[in-house]
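Chains as they are written, first to last, in the numbering used here: chain X, 15 to 466; chain Y, 57 to 221.
All remarks here apply to the structure that follows.
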Amino acid sequence: MSAPQIQVTHYRERKCKFSESTDLKINGKTLVTPTFAPRLKSDSDLKAYHKVGQVYSPRQLSAYVVRLLDTGRTLHSSMKKSTLSLVVDQSTLDTQFTPQSGEEILFVDPALEYMFYSVNMERLSNTPYVSRTIRDHLVRFLEKSKNLEEERLKGKSKDIMSASEFRDTQHTNFWTCVYKDAKMRMKLIRDTFTVELKARTDVLIPPVPLITSPHLLEVAIFMNEKSRAFSPSLSQEKRECADYFIIKPQILRNEHMMSTIKEYVSNSESPLTLFKFKNLNLNDENMALERIAFKSFLMELSLVSQHLENKAFGLLEAGNQTFPAALSSFAIVSTGFNLDREDRRKDQKEISPFMNRYDPKNMTMQSKETFLKTVENNDNLIPCYCKSCTENPTIPTNDFIEYNRRAREHYLLCREHEMREIITAIEKQESQMGFQRLDGSSLKNLKDIVPR
Amino acid sequence: MEINKPNVMLSSEEILALKPTERESYVRSLIKSILSRNENGIMASEMADATNLNRITVTKHLEYLVAIREAYKSDRGAGSIYYVNGRLIHPTDRLSIPIGNKIYEFFKLENAEGHFVFIQEKEQDELRSTTVRGGIMIRCHDIFQFMDGLQKFITIAGTKMENKP
Chain X
15 MSAPQIQVTH
25 YRERKCKFSE
35 STDLKINGKT
45 LVTPTFAPRL
55 KSDSDLKAYH
65 KVGQVYSPRQ
75 LSAYVVRLLD
85 TGRTLHSSMK
95 KSTLSLVVDQ
105 STLDTQFTPQ
115 SGEEILFVDP
125 ALEYMFYSVN
135 MERLSNTPYV
145 SRTIRDHLVR
155 FLEKSKNLEE
165 ERLKGKSKDI
175 MSASEFRDTQ
185 HTNFWTCVYK
195 DAKMRMKLIR
205 DTFTVELKAR
215 TDVLIPPVPL
225 ITSPHLLEVA
235 IFMNEKSRAF
245 SPSLSQEKRE
255 CADYFIIKPQ
265 ILRNEHMMST
275 IKEYVSNSES
285 PLTLFKFKNL
295 NLNDENMALE
305 RIAFKSFLME
315 LSLVSQHLEN
325 KAFGLLEAGN
335 QTFPAALSSF
345 AIVSTGFNLD
355 REDRRKDQKE
365 ISPFMNRYDP
375 KNMTMQSKET
385 FLKTVENNDN
395 LIPCYCKSCT
405 ENPTIPTNDF
415 IEYNRRAREH
425 YLLCREHEMR
435 EIITAIEKQE
445 SQMGFQRLDG
455 SSLKNLKDIV
465 PR
Chain Y
57 MEINKPNVML
67 SSEEILALKP
77 TERESYVRSL
87 IKSILSRNEN
97 GIMASEMADA
107 TNLNRITVTK
117 HLEYLVAIRE
127 AYKSDRGAGS
137 IYYVNGRLIH
147 PTDRLSIPIG
157 NKIYEFFKLE
167 NAEGHFVFIQ
177 EKEQDELRST
187 TVRGGIMIRC
197 HDIFQFMDGL
207 QKFITIAGTK
217 MENKP
């Protein structure tokens with residue numbers, strides 16, 4: 015006699031064309047959609063997030079995402095009490111997980127795209143929170159890659175595979191083994207779900223590959239189905255299993271694969287489907303085809319979520335697409351909370367301790383220098399109406415800790431404000447507002463993806 | 057009669073790859089899921105055919121579900137038909153009372169035999185996952201008689217009952 019763990023409640027007065035605001039009940043906690051769920055990657059992110067929650071009670075920030083490889087340093091205890099003995103493949107970790115404060119919804123993202131992308135691959139191969147099946151594969155892969163690179167440098171053989179070819183082959187081979195070997199598959203699902211459950215996730219998210227080919231799409235669908243079938247026995251029917259697709263942006267242009275995904279999503283029994291288009295930036299001038307495909311994708315999902323009784327969608331690592339996705343019936347949108355520190359590291363030789371700041375008008379990040387100029391031109395007052403900036407209208411220029419703290423608060427509150435703007439526009443039947451909002455921002459190209 | 061079952065189930069190979077406790081748990085949740093999709097009842101043999109599981113295994117789990125009142129059965133000739141215990145009359149017809157590490161859940165259910173109050177005893181482990189330990193079904197029109205009986209029993213045995221945790 016267990017109640018469904020995810021329930022979507024639709025209201026006739028909260029629909030406007032392709033936009034909708036629903037009540038999404040997950041594991042007994044209710045979200046008013048769209049909700050912004052920041053992706054947290056450290057204990058300090060979590061503290062900042064909780065602080066904003068305590069001080070400003072933002073309604074549209076009631077969920078957060080932690081990647082599986084970050085669970086240790088994010089949910090690992092700054093706090094007490096709930097010591098758990100966590101066993102993943104014989105390695106025992108006496109771990110204290112931060113008990114959830116209660117009302118927020120936690121998603122633990124397996125983030126297995128790092129089996130393909132080299133960023134974070136090494137971390138993935140070392141973290142005990144990830145199944146040993148994956149770690150062993152990655153250790154072997156990294157070693158082989160190194161050898162291959164050495165051979166290439168020595169010019170030993172002319173027939174050496176290129177690094178990207180080698181990576182593609184190894185990635186596909188691994189998932190083909192998972193697809194064929196029942197034992198390996200069930201172990202991977204079990205290990206992933208065990209850590210997610212120990213981290214007290216509210217929704218189980220299956221381990222799926224980054225989709226780079228039709229074969230890997232087949233594997234992803236298969237993993238979603240099998241994870242869903244297995245999940246009730248592990249979670250005692252207390253956690254719903256979502257469907258999850260991690261998609262390479264180029265796949266958007268493949269009509270056949272996209273329609274397979276849409277068809278699966280419409281027929282799946284899972285009430286929640288999460289998508290991640292890794293490194294997608296549709297504001298780029300060269301992404302015209304992808305923009306058209308993404309718009310059609312948004313339209314389709316919007317129709318499905320509005321017409322099926324119990325169906326909701328989430329977009330992880332939404333990046334620039336956060337606002338238009340929330341506007342087009344994505345119930346949950348999530349993106350990084352690191353304020354582009356990694357990007358800055360790539361571009362700059364010296365790492366600035368100051369975070370970038372979110373510019374709510376342009377919907378993009380701005381460096382400290384640009385921000386200071388903007389403030390200077392505004393009589394030394396921060397031109398922002400978020401609660402944090404209203405309370406502290408001047409900037410602590412030299413104290414980077416305080417500067418970063420406020421940049422984070424400002425970012426979360428701005429995103430929350432955007433979500434509230436969408437809800438208000440839907441209630442007033444003025445979802446056109448979103449189009450105009452994008453038109454006035456630096457993300458002008460994203461106007462093209464908003465279904466109208 | 058066509059049996060309604062989940063779109064995807066684990067294959068025999070996958071079931072074998074599970075740990076024994078997971079296997080038990082998987083089979084039980086699968087059987088519960090099929091029972092709830094077939095409100096008109098299902099026989100053990102039909103369930104075994106639909107799931108490709110051994111009939112003895114299926115019967116064992118069905119009987120367990122009957123024992124903890126998650127299901128009930130009615131004997132028809134040579135075999136028994138198993139039914140899910142009922143569905144909530146209204147989503148609000150439920151109450152959960154945690155006492156110690158136990159949770160007592162109250163439901164108002166309806167099934168082919170009428171309206172019932174269903175009291176289920178659950179136990180919670182360190183991960184907050186709950187296991188059903190048992191349950192009783194009382195017909196709605198008998199509930200006050202039941203309460204009187206319980207009250208009488210408390211009066212009789214009252215001196216021996218202590219209010220300590």
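The beta-carbon is built from N, C-alpha and C at its ideal position, and this holds for glycine as well.
Asked	Found
Neighbour flag for Glu69 (chain Y) against chain X, beta carbons, 9 Å	yes
Residues from the stretch 250-273 of chain X in contact with chain A, defined by Cβ distance under 9 Å	Protein chains in the displayed structure are X and Y, and chain A is not among them.
For Ile229 (chain Y), the nearest candidate out of Y:Gly133, Y:Glu161, Y:Ala127 and Y:Gly191 (CA to CA)	Limits of chain Y in this structure are 57 at one end and 221 at the other, which puts residue 229 (chain Y) out of reach.
Residues of the stretch 185-214 of chain Y whose Cβ lies closer than 9 Å to any Cβ of chain X, in chain order	Ser185, Thr186, Thr187, Val188 and Gly191
Closest Cα partner of Thr8 (chain X) within the set X:Leu395, X:Phe344, X:Glu390 and X:Ile463	Beyond the ends of chain X as shown, which are 15 and 466, falls residue 8 (chain X); an answer cannot be given.
Reduced DSSP category for Ala127 (chain Y) - H, G, I as helix; E, B as strand; rest coil	strand
Residue burial classification, His117 (chain Y) (beta-carbon count within 10 angstroms, cutoff 16)	buried
Touching by the beta-carbon criterion (3+ pairs, under 8 Å), the stretch 292-300 of chain X and the stretch 312-328 of chain X	no
Three-pair Cβ contact test at 8 Å for the stretch 368-375 of chain X versus the stretch 144-161 of chain X	no
Chain X contact for Val114 (chain Y) (CB, 9 Å cutoff)	no
Chain Y residues whose Cβ lies nearer than 9 Å to that of Pro285 (chain X)	Simply none; closest approach about 14 Å.
Option in X:Val209, X:Arg87 and X:Thr287 with minimal Cα separation from Leu329 (chain X)	X:Thr287
Inter-stretch contact (C-beta, 8 Å, three-pair minimum) for the stretch 442-462 of chain X and the stretch 299-310 of chain X	yes
Residues near Ser282 (chain X) by beta carbon distance below 6 Å, same chain, minus five either side	Asp257
Neighbour flag for Tyr160 (chain Y) against chain X, beta carbons, 9 Å	no
Arg253 (chain X), DSSP secondary structure in three states	coil
Touch test, the stretch 70-77 of chain X against the stretch 38-54 of chain X, Cβ-Cβ under 8 Å, three pairs minimum	yes
Coil, strand or helix - Val464 (chain X) by DSSP	coil
Neighbour-count burial assignment, Ser105 (chain X), 16 or more Cβ in a 10 Å radius	Residue placement at Ser105 (chain X) cannot be trusted, given a pLDDT of 45 that sits under 50; the coordinates are not used to answer.
Stretch-stretch touch, CB-based, cutoff 8 Å, three pairs: the stretch 210-229 of chain X with the stretch 73-86 of chain Y	no
Proximity of Glu118 (chain X) and Tyr78 (chain X) at Cβ, strictly below 9 Å	yes
Nearest residue (CA-CA) to Pro142 (chain X), options X:Tyr131, X:Asp205 and X:Asp195	X:Asp205
Start-end ranges of the alpha helix (DSSP H) lying completely within the stretch 318-356 of chain X, minimum 4 residues	336-341
C-beta neighbour in chain Y for Arg53 (chain X), strict 9 Å	no
Residue range of the unbroken beta strand (DSSP E) whose run includes Lys290 (chain X)	Leu286 to Phe291
Nearest-angstrom Cα separation, counted from Phe289 (chain X) out to Gln114 (chain X)	Bear in mind that a pLDDT of 49 at Gln114 (chain X), under 50, signals an unreliable position, so the number given afterwards is only what the model happens to contain. Spanning the two alpha carbons is a distance of roughly 24 Å.
Identity of the residues DSSP links to Met193 (chain Y) by a beta bridge	Y:Phe174
Buried/exposed call for Ala73 (chain Y), threshold 16 Cβ in 10 Å	buried
Burial state of Phe237 (chain X), where buried means 16 or more other Cβ atoms lie within 10 Å	With the sequence shown as reference, residue 237 (chain X) is identified as Met, and Phe is not the correct amino acid for it. It counts as buried.
Contact with chain X by Lys164 (chain Y), beta-carbon distance below 9 Å	no
Runs of alpha helix (DSSP H) wholly within the stretch 381-422 of chain X (minimum 4 residues, chain order)	382-390 and 401-405
Inter-residue CB distance, Gly170 (chain Y) and Arg195 (chain Y) (contact presumed, cutoff 8 Å)	6 Å
Contact between the stretch 178-193 of chain X and the stretch 222-233 of chain X (3+ Cβ pairs under 8 Å)	yes
Contacts that Ala104 (chain Y) makes with chain X (C-beta to C-beta distance below 8 Å)	Per Cβ cutoff of 8 Å: no residues; Ala104 (chain Y) is ~18 Å from chain X at best.
With 16 other Cβ atoms within 10 Å as the buried cut-off, status of Tyr425 (chain X)	buried
Cβ-Cβ separation, Ile440 (chain X) to Glu34 (chain X) (assumed contact under 8 Å), whole Å	7 Å
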